[in-house]
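Before any comments, here is the structure.
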Amino acid sequence: MLSIKNLHASIEDKEILKGINLEVKAGEVHAIMGPNGAGKSTLSSIIAGNENYTVTDGEILLEGEDISELAPEERAHKGVFLSFQYPVEIPGVSVTNFMKTAINESRKARGQEDMPANEMLKLIREKSELLEIDRKFLSRSLNEGFSGGEKKRNEIFQMAMLEPKLAILDETDSGLDIDALRIVANGVNKLKSKDNAVIVITHYQRLLEYIVPDFVHVLHDGKIVKSGGKELALELEEKGYDWLKA
Amino acid sequence: MELKEKLISSFMAFEEKIDFHQELHDVRSQAIKNFESKGFPTKKEESWKYTSLNTILKNDFSVFPKKENTIEFAEVKKYFLHEIDTYKVVFIDGIFSSFLSSTSHDGLDVCLMSSALNKPKYKIYIDEYFNKIASKEESLTSLNTAFASEGAYINIPKSKVVEKPIEIIYFSTGSEAALMVQPRNLVIVGENAHVQIIERHQSLNDNPVLTNSVTEIFAQKRAIVDYYKIQNDVQTANLIDNTYIAQKQESHVSVHTFSFGGNITRNNLNFYHQGERIDSTLKGVTIIGDKQHVDHYTLVQHATPNCESHQNYKTILDGASTGVFNGKIFVEKEAQKTDAFQKNNNILLSDKATINAKPQLEIFADDVKCSHGCTIGQLDENAMFYMQQRGIPKKEAKALLMYAFTSEVTGSIKIPELRSKIARIIADKLGVKMGFDL
Numbered sequence: 661m662l663s664i665k666n667l668h669a670s671i672e673d674k675e676i677l678k679g680i681n682l683e684v685k686a687g688e689v690h691a692i693m694g695p696n697g698a699g700k701s702t703l704s705s706i707i708a709g710n711e712n713y714t715v716t717d718g719e720i721l722l723e724g725e726d727i728s729e730l731a732p733e734e735r736a737h738k739g740v741f742l743s744f745q746y747p748v749e750i751p752g753v754s755v756t757n758f759m760k761t762a763i764n765e766s767r768k769a770r771g772q773e774d775m776p777a778n779e780m781l782k783l784i785r786e787k788s789e790l791l792e793i794d795r796k797f798l799s800r801s802l803n804e805g806f807s808g809g810e811k812k813r814n815e816i817f818q819m820a821m822l823e824p825k826l827a828i829l830d831e832t833d834s835g836l837d838i839d840a841l842r843i844v845a846n847g848v849n850k851l852k853s854k855d856n857a858v859i860v861i862t863h864y865q866r867l868l869e870y871i872v873p874d875f876v877h878v879l880h881d882g883k884i885v886k887s888g889g890k891e892l893a894l895e896l897e898e899k900g901y902d903w904l905k906a
Numbered sequence: 153m154e155l156k157e158k159l160i161s162s163f164m165a166f167e168e169k170i171d172f173h174q175e176l177h178d179v180r181s182q183a184i185k186n187f188e189s190k191g192f193p194t195k196k197e198e199s200w201k202y203t204s205l206n207t208i209l210k211n212d213f214s215v216f217p218k219k220e221n222t223i224e225f226a227e228v229k230k231y232f233l234h235e236i237d238t239y240k241v242v243f244i245d246g247i248f249s250s251f252l253s254s255t256s257h258d259g260l261d262v263c264l265m266s267s268a269l270n271k272p273k274y275k276i277y278i279d280e281y282f283n284k285i286a287s288k289e290e291s292l293t294s295l296n297t298a299f300a301s302e303g304a305y306i307n308i309p310k311s312k313v314v315e316k317p318i319e320i321i322y323f324s325t326g327s328e329a330a331l332m333v334q335p336r337n338l339v340i341v342g343e344n345a346h347v348q349i350i351e352r353h354q355s356l357n358d359n360p361v362l363t364n365s366v367t368e369i370f371a372q373k374r375a376i377v378d379y380y381k382i383q384n385d386v387q388t389a390n391l392i393d394n395t396y397i398a399q400k401q402e403s404h405v406s407v408h409t410f411s412f413g414g415n416i417t418r419n420n421l422n423f424y425h426q427g428e429r430i431d432s433t434l435k436g437v438t439i440i441g442d443k444q445h446v447d448h449y450t451l452v453q454h455a456t457p458n459c460e461s462h463q464n465y466k467t468i469l470d471g472a473s474t475g476v477f478n479g480k481i482f483v484e485k486e487a488q489k490t491d492a493f494q495k496n497n498n499i500l501l502s503d504k505a506t507i508n509a510k511p512q513l514e515i516f517a518d519d520v521k522c523s524h525g526c527t528i529g530q531l532d533e534n535a536m537f538y539m540q541q542r543g544i545p546k547k548e549a550k551a552l553l554m555y556a557f558t559s560e561v562t563g564s565i566k567i568p569e570l571r572s573k574i575a576r577i578i579a580d581k582l583g584v585k586m587g588f589d590l
């Protein structure tokens, strides 16, 4: 699914990623953990195509195709989804209208017709039930005045609507109370299949109790310094990240 | 001959041709004298510092419409709010078009200024309201007053809630090489009455037009007036809009100005308070590019206690366009407990675009709430990335973001069909087709 080779990236001449290698196969869940400033969010932004960063070396392959030169929307059309740590507020544009636009733009890019209105409504109903989202919520302006938890739940709702091949959840657990965390995790688990893959970026082990990873990677100073199974997350929880600095 | 001289020399001939009562002739003589002594405003005047009329005035404008022109409705249907039933007062090259209009005298007057100025039954209203709130000092308003003969006359009696919006549309056909028109509108809204009005100026080809329009609006006690100005004209059309609003106690008046088109557009919007607990709303969206120029010059004269005013202007400038926002709030000594709010947000999409923003608060009362905020920025890159990440291409994402930026203004349009129309104009202006009605 995703193959990252020797990825180096920088922002304003400051090198943030210093040679990342990562293999994610379809059907797998990977967790990327690490202390603040390790480059976790940078990695997710770069996979999604944020133009503020410059890839200086290496490659990002999605199903064998190098996507590192593609615009963010082109990557999205190929099935990359990033759940933002800080979703952006867009006043005047409802959640529903935003999703309609996003879905139909993707369809257009794939040479498909717009999704018929009744099909769209059905999809929205189905996915909003999955995330236990109230109907009224969907007619509100996107993220405007949403609580932290509502924003995150809305991100996963969008993920459910767009059905990506590769979903990256960037600190999705931050700002969530335990009930919301369970709903969000439940949503992600139901969307998981043998054909897609999930990368969970998190600082804490908490989310991983609900979304159980197949692999855990520790990112430190722009490099993956350790990889292992789900037990590595528990070990990190116990020991913290201080040992990395030693 | 320069335009000023041409206008002054035409004035005499014009007065002889027209049969008004003596008071009106006197008003007009005074007005032309004021214009003669002041002439067209220049950048030397503080209030015209950022807007020059020089390039426009070089055109050899015809100052009188020569002949009546006709237009097929199908040709101009898109300029109307055709999805719903409306009253219509339509002019072609300054001359009333009965064919395109739908006027009324049934429980209200939606008709012509020329009738109101001429017919005895309207004399009491003309005596009481005509040229009573319009400036006697401002030269362009005086110029309009001197030539005022046609426009819309709207008189809504006490307690009348007008169900249908009223559309006032001025078309220019371009049958003259260059045309100057001076519409004059008078709107009187009685106690507890409620009316919605849409005004539009539209050229049908690229021959230069200069419109110098004056509108006087009188809102009586507890009247509600919602006025919408759609400025989406071709880029050879110039508009100077002078609007004067007098509000009595507890009246609510809102003016939304949507400026997307035109070459030079100047909006002089003036609110005068004449009673307590008045509410005034001034909102605008300006989206222009190329070498377009839009200047909003607003004044709210808080003269009485316990009144509110809300201003919110959004501007998006591309190309080598220029935007001006000069918002003056004047709070007199008597106007205690005034709540005056002003917001002006601007986005520059190009290095060559210019915005001149100037809030001007003059406060003489000591117990008031006045605030203003002005921002100038670019489109939010994080928001762009967010939308692109969801599969929305850059151009559409940009459009959506700009739409979002204007939503505080478009969201308060009370006529749903108009809201969709404005959204469509915005989408069109931004060159996108959204998957939904923006």
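As you go down the protein sequences, you meet chains A and B in turn.
Counting from 661, one number per residue, gives the positions in the first sequence under the numbering used here.
Counting from 153, one number per residue, gives the positions in the second sequence under the numbering used here.
All C-beta atoms, glycine included, are put in the ideal place defined by N, C-alpha and C.
Per DSSP, E220(B) is not a residue of any alpha helix (DSSP H), being assigned neither H nor E.
Burial check for N696(A): the Cβ neighbour count within 10 Å stays below 16, so the residue is exposed. The continuous stretches of beta strand (DSSP E) do not include P732(A), which lies in the alpha helix (DSSP H) extending over residues 732-737.
Among the residues facing chain B, G752(A) is included, as its CB has a counterpart in that chain under 8 Å away. Counting other Cβ atoms within 10 Å of its Cβ, E328(B) reaches 16 or more and is therefore classed as buried.
Short of 6 Å from the beta carbon of H346(B), and not among the five residues preceding or following it, lie these beta carbons of its own chain, in chain order: V313, I376. As for any beta strand (DSSP E) of minimum length 3 sitting wholly inside the region 824-885 of chain A, the runs are 826-830, 857-862, 875-880, ordered along the chain.
DSSP places R374(B) outside both helix and strand once states are collapsed to three, so it counts as coil.
Neighbours of P732(A) in chain B, taken as residues at a C-beta separation under 7 Å, are given in chain order as F537, Q540, Q541.
Distances from the CA of K185(B) to each of F163(B), F482(B), H173(B) were compared; the closest alpha carbon is that of F163(B).
Between the region 294-310 of chain B and the region 178-198 of chain B there are three or more inter-stretch CB-CB distances shorter than 8 Å, so the stretches are counted as touching. For I468(B), not one C-beta of chain A is nearer than 8 Å to its own C-beta. With the criterion set as a beta carbon lying under 8 Å from some beta carbon of chain A, the region 273-305 of chain B has no members that meet it. Taken through DSSP and simplified to helix, strand or coil, P511(B) comes out as strand.
Judged by DSSP secondary structure, V715(A) falls within the beta strand (DSSP E) whose first and last residues are 714-722. Taking one beta carbon from each stretch, the region 166-176 of chain B and the region 416-430 of chain B have fewer than 3 pairs nearer than 8 Å; the two do not touch.
Ranking Y424(B), F410(B), F412(B), T388(B) by CA distance to the CA of S403(B) puts Y424(B) first.
Residue-level contact by beta carbon holds for S766(A) and chain B, with a gap shorter than 8 Å. Sequence-distant Cβ neighbours of A551(B) in its own chain, meaning closer than 6 Å and more than five residues away, are L582, V584. Counting only runs of 3 or more residues that sit fully inside the region 245-322 of chain B, the beta strand (DSSP E) segments are 261-264, 304-308, in chain order. DSSP places K796(A) in the uninterrupted alpha helix (DSSP H) bounded by 795-798. In this structure, L176(B) is the residue among F412(B), L176(B), T409(B) with its C-alpha nearest to the C-alpha of P272(B). Straight-line spacing of the CA atoms in T207(B) and H448(B) works out to 19 Å. An exposed status is given to G900(A), since fewer than 16 other beta-carbon atoms sit within 10 Å of its beta-carbon. Taken atom to atom, the span from the alpha-carbon of K229(B) to that of F323(B) is near 12 Å.
Under the three-state reduction of DSSP, V520(B) is assigned to coil, being neither helix nor strand. Contact between the region 865-885 of chain A and the region 747-760 of chain A is absent: fewer than three C-beta pairs spanning the two stretches fall below 8 Å.
In summary, N856(A) is buried, with 16 or more beta-carbon neighbours lying within 10 Å of its beta-carbon over all protein chains present. Taking CB atoms only, A820(A) has no neighbour in chain B less than 8 Å away. Restricting attention to I706(A), D774(A), I676(A), G835(A), the CA atom closest to the CA of Y746(A) is found in G835(A). In the DSSP assignment, G809(A) falls within the unbroken alpha helix (DSSP H) covering 808-822.
Taking the CA atoms as reference points, D532(B) sits about 19 Å from I578(B). For the C-beta of A762(A), the chain B residues within less than 7 Å are, from N- to C-terminus, R542, G543, I544. For I236(B), the three-state secondary structure derived from DSSP is coil. The beta carbon of G771(A) is closer than 8 Å to none in its chain, skipping five residues each way along the sequence. The secondary-structure analysis by DSSP pairs R418(B) across a beta bridge with I392(B), D447(B).
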